[in-house]
Amino acid sequence: MIRFTNVCKMFHGRPVLKDFSLEIPSGHTVAILGGSGGGKTTVLRLILGLLRPDSGSIRIDGKEIVGLPERDMVPIRARMAMVFQGSALFDSLTVRGNVGYRLYEEQVFADDIIERKVVESLCFVGLEDTLEKMPAELSGGMKKRVAIARALACRPKVILYDEPTAGLDPINTHLITELICRLQKEERLTQVVVTHDLDTAYRIADRLIMVHRGEKLFDGTVDMLKIADDPRIRTFLRPQEVLTAPGCFPDKDGGIRVVAPAMDKESPA
Ligand SMILES: Nc1ncnc2c1ncn2[C@@H]1O[C@H](COP(=O)(O)OP(=O)(O)O)[C@@H](O)[C@H]1O
Ligand SMILES: [Mg+2]
Numbered sequence: 002m003i004r005f006t007n008v009c010k011m012f013h014g015r016p017v018l019k020d021f022s023l024e025i026p027s028g029h030t031v032a033i034l035g036g037s038g039g040g041k042t043t044v045l046r047l048i049l050g051l052l053r054p055d056s057g058s059i060r061i062d063g064k065e066i067v068g069l070p071e072r073d074m075v076p077i078r079a080r081m082a083m084v085f086q087g088s089a090l091f092d093s094l095t096v097r098g099n100v101g102y103r104l105y106e107e108q109v110f111a112d113d114i115i116e117r118k119v120v121e122s123l124c125f126v127g128l129e130d131t132l133e134k135m136p137a138e139l140s141g142g143m144k145k146r147v148a149i150a151r152a153l154a155c156r157p158k159v160i161l162y163d164e165p166t167a168g169l170d171p172i173n174t175h176l177i178t179e180l181i182c183r184l185q186k187e188e189r190l191t192q193v194v195v196t197h198d199l200d201t202a203y204r205i206a207d208r209l210i211m212v213h214r215g216e217k218l219f220d221g222t223v224d225m226l227k228i229a230d231d232p233r234i235r236t237f238l239r240p241q242e243v244l245t246a247p248g249c250f251p252d253k254d255g256g257i258r259v260v261a262p263a264m265d266k267e268s269p270a
């Protein structure tokens with residue numbers, strides 16, 4: 002269970018998360034939705050203990066991590082893995098080196114066991130034939146799948162994904178989405194998937210949380226989200242219905258701002 006209670010986080014005096022509370026039960030997959038700059042990545046970094054909140058409580062499996070010394074954070078973080086936006090593979094290492102990186106560093110397992118875990122993880126994402134390849138030889142979608150294999154190699158209980166389908170073609174988007182669904186159904190992992198892609202969110206999540214400018218706007222099921230009538234939610238879900246006239250732009254508070262509809266055209270000579 003991941004629980005935030007009244008978490009506040011500021012950057013340079015500006016609030017980025019305001020009184021933010023959430024609960025993610027173990028074994029569930031939750032999507033965190035919202036526009037750019039809303040605070041989604043910040044939530045993931047707080048869960049990993051890479052950032053500290055200014056106030057509030059963050060509990061992982063009942064243990065308060067706010068104020069925990071780094072050495073006590075290490076075993077908690079060891080049960081979690083993050084699939085970073087942009088994959089974040091090491092360019093100078095092969096796929097094998099990338100996927101096994103954390104296991105080789107930890108030196109808990111013998112090399113043959115690490116090799117088996119690396120191959121199993123790559124099989125799961127359908128890339129067992131890329132062991133010797135360098136990241137530069139892979140497509141964006143393959144890199145993302147290697148990043149998922151790297152997360153899986155440590156057999157985490159929790160996987161955090163930051164925009165896992167951003168910039169991918171429809172086939173790779175489908176493959177990544179299916180992998181996340183399988184990890185939920187077959188492995189019962191706890192997964193937190195940050196995305197602004199509605200189709201992905203609808204497909205994978207038991208529950209959706211929508212974040213807007215550091216506030217939680219919504220927390221519930223897909224069906225509940227679709228009928229929500231907060232104007233900020235409606236604009237996010239169906240901009241084509243809300244921002245209909247030319248010159249309509251979303252306003253900060255969910256309203257609509259209309260600016261001059263046409264630009265001056267030079268009159269014909
Ligand atoms: N390390 C940082 N230093 C200063 N500002 C930051 C930092 N990280 C994030 N921010 C700011 O916090 C806000 C939320 O960022 P982020 O959590 O990355 O949003 P999202 O992932 O929803 O796009 C943004 O305005 C961003 O510029
Ligand atoms: Mg982000």
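First residue of the sequence shown: 2, per our numbering; consecutive thereafter.
Just so you know, even glycine gets a beta-carbon here, dropped at the ideal spot from N, CA and C.
A quick note: this is a predicted structure, and the numbers were derived from the prediction, not measured.
For residue i, which three-state DSSP category applies?
i, result
"K144", "helix"
"P247", "coil"
"S1", "The structure shown has nothing for residue 1, since the chain only spans 2 to 270."
"I228", "coil"
"D220", "strand"
"R239", "coil"
"A79", "helix"
"V100", "helix"
"C155", "coil"
"Q108", "coil"
"R189", "coil"
"E267", "coil"
"A89", "coil"
"V44", "helix"
"E116", "helix"
"D20", "strand"
"A32", "strand"
"Q2", "Here residue 2 is Met; the residue named in the question, Gln, does not match the sequence. Three-state result, M2: coil."
"D163", "strand"
"M135", "coil"
"R276", "Since the first residue of the chain shown is 2 and the last is 270, residue 276 is not available in this structure."
"H13", "coil"
"R208", "strand"
"I172", "helix"
With hydrogens ignored, establish whether the beta-carbon of residue i is closer than 6 Å to any heavy atom of ligand 2.
i, result
"T42", "yes"
What is the C-beta distance between residue i and residue j, in whole angstroms, given that I count them as a contact (C-beta under 8 Å)?
i, j, result
"R3", "I33", "The amino acid occupying residue 3 in the given sequence is Ile; Arg does not appear at that position. Actually they are not in contact, since the Cβ atoms of I3 and I33 sit about 11 Å apart, beyond 8 Å."
"M83", "G50", "Going by Cβ atoms, the distance from M83 to G50 rounds to 11 Å, so no, they are not a contact pair."
"R156", "T178", "Actually they are not in contact, since the Cβ atoms of R156 and T178 sit about 22 Å apart, beyond 8 Å."
"I210", "V31", "6 Å"
"A148", "S88", "4 Å"
"T142", "N173", "The residue you asked about is not Thr; residue 142 is Gly in the sequence shown. Correct: roughly 3 Å between the Cβ atoms."
"L23", "D220", "7 Å"
How many Å lie between residue i and residue j at the Cα?
i, j, result
"E107", "T196", "31 Å"
"S140", "D62", "37 Å"
"L52", "L18", "12 Å"
"I25", "D265", "52 Å"
"G35", "A167", "13 Å"
"E121", "R97", "11 Å"
"P54", "D163", "19 Å"
"R208", "E267", "52 Å"
"L128", "I228", "40 Å"
"H175", "V212", "24 Å"
"V193", "S27", "11 Å"
"D200", "V223", "11 Å"
"V159", "K217", "22 Å"
"E71", "K64", "14 Å"
"L132", "L123", "8 Å"
"G38", "A154", "31 Å"
"R235", "P171", "25 Å"
"G68", "R78", "15 Å"
Taking 6 Å as the cut-off, is the beta-carbon of residue i closer than that to any non-hydrogen atom of ligand 1?
i, result
"F85", "no"
"F12", "yes"
"S37", "yes"
"V194", "no"
"V8", "no"
"V279", "In the structure as shown, the chain begins at 2 and stops at 270. Residue 279 is therefore absent and cannot be evaluated."
Could you check if residue i belongs to the surroundings of ligand 4, using beta carbon to heavy atom distance under 6 Å?
i, result
"S58", "As for ligand 4, it is missing from this structure, which binds only ligand 1 and ligand 2."
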